[in-house]
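Position one of the sequence shown corresponds to residue 0 (numbering that gives the first Met the number 0), numbered consecutively onward.
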Amino acid sequence: MPDNTLKLKESAVLVPVFRGGNKELRLILIRRSLHGIHSGQLAFPGGKAEDTDASLEYTALREAEEEIGLKSRNVKILAGLPEVDVMASKFRIKPFLAHIIPQKEWVIQESEVSEVLDVSIEELSRPEAHSEGMLQLEEWKEPRRIEFYKVGPYKLWGASYRIFHSLLPRLLKGEFPV
Numbered sequence: 000m001p002d003n004t005l006k007l008k009e010s011a012v013l014v015p016v017f018r019g020g021n022k023e024l025r026l027i028l029i030r031r032s033l034h035g036i037h038s039g040q041l042a043f044p045g046g047k048a049e050d051t052d053a054s055l056e057y058t059a060l061r062e063a064e065e066e067i068g069l070k071s072r073n074v075k076i077l078a079g080l081p082e083v084d085v086m087a088s089k090f091r092i093k094p095f096l097a098h099i100i101p102q103k104e105w106v107i108q109e110s111e112v113s114e115v116l117d118v119s120i121e122e123l124s125r126p127e128a129h130s131e132g133m134l135q136l137e138e139w140k141e142p143r144r145i146e147f148y149k150v151g152p153y154k155l156w157g158a159s160y161r162i163f164h165s166l167l168p169r170l171l172k173g174e175f176p177v
C-alpha cells in the first residue's frame with residue numbers, strides 16, 4: 000500500500016531579538032529577494048536543513064550567518080518555539096528565539112535577501128499594526144483572507160506571522176531574558 004503521508008522538508012529559522020539603545024525590544028526580519036515561492040516576503044533568517052547539519056538549531060545559526068552575516072558568537076539561543084508547517088513549499092519550520100548582538104552593518108546574501116529590517120516590537124504590538132485583508136498570489140486559484148502585521152510598507156504574514164503572533168505576548172510579558 001503506498002504511503003500517502005505528505006513528507007515535509009525540515010527547516011529552521013532564527014527569530015533574532017535584542018534591546019536597542021533606549022532598551023526598547025527589537026526584532027530583525029529579512030525581506031526575501033525577488034525570486035521563488037516566497038519572493039519579496041518578510042521572513043526570519045533561516046532555511047532548509049542540510050544532511051551535514053548537526054541539528055535544526057545549527058541549521059538556523061548557519062542560515063542566519065549565510066543570509067545576513069550574523070555570527071553565531073553573537074547569538075544566544077533562548078528557546079525553541081513550536082514548529083510551523085508550510086504546505087505551499089512543503090516545509091516544516093522549527094523556529095529558535097535568539098538574543099543577538101546586532102551588527103552595525105549586515106552582510107546580505109543578495110541571491111536570498113533583499114533587505115534587513117530592524118523593527119520595534121512595541122510598534123508591532125499596537126492594535127493598528129495588526130490587520131487582515133485579501134491577498135492573491137499567482138499560484139492561488141482565488142484570493143485568501145490573511146492576517147498580518149504592518150511593517151513599514153510591507154506585511155508580515157504566513158508562517159512568519161504565525162511564529163511571531165504566538166510569540167509576541169510572551170515577549171511583552173518578559174518571559175525571556177533579552
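For every residue, glycine included, the Cβ atom is placed at its ideal position computed from N, Cα and C.
By DSSP, does L69 sit in helix, in strand, or in coil? Numbered from its first residue, the sequence shown carries residue 69 at position 70. Coil, per DSSP.
Taking Cβ to Cβ, would you say L26 is nearer than 8 Å to V118? Locating residue 26 in the sequence shown gives position 27, counting from the first residue. Locating residue 118 in the sequence shown gives position 119, counting from the first residue. Yes. Within cutoff.
What is the rounded straight-line gap between the Cα of V112 and the Cα of Q135? Working through the sequence shown from its first residue, we reach residue 112 at position 113. Working through the sequence shown from its first residue, we reach residue 135 at position 136. Roughly 22 Å separates the two Cα atoms.
Candidates G19, G45, P126: closest to P168 by CA position: Here residue 168 is taken as the residue at index 169 of the sequence shown, counted from 1. The candidate whose alpha carbon is nearest that of P168 is P126.
For a test of the three-state rule: what should DSSP assign to F175, helix, strand or coil? Residue 175 sits at position 176 when you count from the first residue of the sequence shown. Coil at F175, not helix or strand.
Can you tell me which of the three DSSP states S10 falls into? Position 11 of the sequence shown, counting from 1, holds the residue named residue 10. DSSP places S10 in strand when its eight states are reduced to three.
Compute the Euclidean distance between the alpha carbons of K22 and T51, then round it to the nearest angstrom. For the purposes of this step, residue 22 is identified with residue 23 of the sequence shown, where counting begins at 1. For the purposes of this step, residue 51 is identified with residue 52 of the sequence shown, where counting begins at 1. Their backbone Cα atoms lie some 38 Å apart in a straight line.
Answer with buried or exposed for A42, where buried requires no fewer than 16 other C-beta atoms within 10 angstroms of its C-beta. Taking the first residue of the sequence shown as 1, we reach residue 42 at position 43. When all chains shown are included, A42 counts as buried.
Got a sec, what are the start and stop residues for the beta strand (DSSP E) S113 sits in? In the sequence shown, residue 113 corresponds to position 114, counting from 1. 112-119 is the span of the beta strand (DSSP E), which, as asked, contains S113.
Determine whether the beta carbon atoms of L69 and I99 lie at a separation below 8 Å. The count along the sequence shown starts at 1 and reaches residue 69 at position 70. The count along the sequence shown starts at 1 and reaches residue 99 at position 100. Against a cut-off of 8 Å, the Cβ pair of I99 and L69 comes out as a contact.
Own chain partners of D84 with C-beta closer than 7 Å, once the 5 adjacent residues on each side are dropped: Position 85 of the sequence shown, counting from 1, holds the residue named residue 84. So the qualifying residues of the chain are L7, R91.
Compare the Cα-Cα distances from W105 to each of E65, G132, L96 and report the closest residue. Numbered from 1 along the sequence shown, position 106 holds the residue referred to as residue 105. If we check each option's Cα against that of W105, E65 comes out closest.
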